Amino acid sequence: MKVERFEVLAKGMGFVEAPLFDAAAGVLVADETAGGVWRVDGDAPSVVVRHRRGISGTAIHRDGWILVSGRNLAARRAAPDDSPTVVLIEQDERRIAFGDMVVDHLGRVLVGALGYRPEGPVVPADPPPGQLLCLELDGSVTVVNDDILLPNGIGVSPDGRTLYHVDSVRNHIVVHEISEGGAIGPARPFADIKRGTGDGLAVAADGSVWVATLHAGAILVLAPDGTERGHLEVERTVTSLCFSGDHLQDLVVTSVDGHGGDGRVLRARGLGPGVPVPRAAVQI
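1 is the number of the first residue of the sequence shown in UniProt numbering; add one for each residue after it.
In structure tokens form, the structure reads like this:
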């Protein structure tokens, strides 16, 4: 798979992650090194939330809050200056940081909790496992999966009945079935990632699963049954992706250079449509 040209929406940023499109908010990304959440589809990046460094997951609440991961899962009001923080899930000895997140069709927030802090490509000999958590509508927390070594990209199928989740240490994707009433079943294998390391994930309207493959300079595209359709070459280190624009026809990719700097947000037209990501409806 090949794109003739990626349009550069933003460049010269830090380690950019967690792209998110919302019809009202535009294209948002997190800058892990500089901190904050930024809108990048204007003339120049503009700060939406001034927040700590290390944000690797974002979502928007139906009441306008911006949800951010990092040392905890928190909600902030969009503001160019500092704004109050509401902590939704606290850090503890098992959950030392929080990563990628997605909102399901019920408005719940699914987020990965890390059991250790990754230091580059080096993996501990016996890494403590992380978790996949569900922040329920009433603010309670359910453990969906406690056997995931490094939780990363998360996505939901077009019908809302399948949840996809990347484990970057095992370098594979697992799936969970979601019942009509919202119960989330156990993990089962979906696909191995054979090139690069799995990072962010997005789902297209045809049910295909798109995975940013760190260190491979490409995006892996999988059919709904987990078979490989091909790779979309990017020629930069890709960290995550989302669909954006009218009818979600465009693909937005966050990327960095080989040293984790010169963060750029790229856009390729006409690769969608993607699956709309709902706004969260959890209690704040």
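Heads up, the beta-carbon is just placed ideally off N, CA and C, and yes, glycines get one too.
Quick caveat, the model's predicted, so the values are computed rather than measured.
In the DSSP assignment, find the unbroken beta strand (DSSP E) run with residue i in it and report its ends.
i, result
"Asn145", "141 to 148"
"Ala202", "197 to 203"
"Glu180", "Glu180 -> no beta strand (DSSP E), and no H or E assigned at all."
"Ile154", "151 to 156"
"Val275", "From DSSP, Val275 is part of no beta strand (DSSP E); its letter is neither H nor E."
"Pro127", "Per DSSP, Pro127 belongs to no beta strand (DSSP E) and is neither H nor E."
"Ala218", "218 to 222"
"Gly260", "No beta strand (DSSP E) holds Gly260; DSSP gives it neither H nor E."
"Tyr164", "162 to 167"
"Ser46", "46 to 49"
DSSP on residue i, reduced to helix/strand/coil?
i, result
"His105", "coil"
"His61", "strand"
"Asp81", "coil"
"His247", "helix"
"Phe15", "coil"
"Leu135", "strand"
"Thr227", "coil"
"Val40", "coil"
"Ala34", "coil"
"Pro186", "coil"
"Ile89", "strand"
"Gly207", "coil"
"Glu7", "strand"
"Leu73", "strand"
"Gly99", "strand"
"Val238", "strand"
"Ile66", "strand"
"Arg52", "coil"
"Asp159", "coil"
"Val29", "strand"
"Gly115", "coil"
"Arg267", "strand"
Hey, how far is the Cα of residue i from the Cα of residue j?
i, j, result
"Gly26", "Asp41", "7 angstroms"
"Asp31", "Arg53", "7 angstroms"
"Asp167", "Ala79", "33 angstroms"
"Pro127", "Val144", "19 angstroms"
"Arg267", "Ile178", "31 angstroms"
"Leu90", "Gly139", "The question names Leu, yet the displayed sequence has Glu at residue 90. Cα to Cα, Glu90 sits roughly 12 angstroms from Gly139."
"Gly196", "Leu214", "5 angstroms"
"Arg39", "Glu93", "33 angstroms"
"Gly107", "Arg264", "30 angstroms"
"Leu248", "Val47", "23 angstroms"
"Ser244", "Phe6", "14 angstroms"
"Gly130", "Gly200", "16 angstroms"
"Cys134", "Ala74", "14 angstroms"
"His176", "Val87", "27 angstroms"
"Val238", "Ile60", "23 angstroms"
"Val165", "Asp225", "Looking at the sequence shown, residue 165 is not Val but His. Each residue's alpha carbon lies about 15 angstroms from the other."
| task | Check whether the segment 246 to 266 touches the segment 219 to 234, counting contact only when three or more Cβ pairs, one atom from each stretch, lie closer than 8 angstroms. | result | Touching, yes, given that three or more Cβ pairs across the two stretches are closer than 8 angstroms.
| Using 8 angstroms as the threshold, is the segment 266 to 282 in touch with the segment 57 to 69, meaning 3 or more CB pairs across them? | Taking one beta carbon from each stretch, the segment 266 to 282 and the segment 57 to 69 have 3 or more pairs nearer than 8 angstroms; the two touch.
| request: Count the C-beta pairs between the segment 97 to 107 and the segment 138 to 154 that are closer than 8 angstroms, then say yes if the count reaches three, no if not. | output: Touching, per the Cβ criterion.
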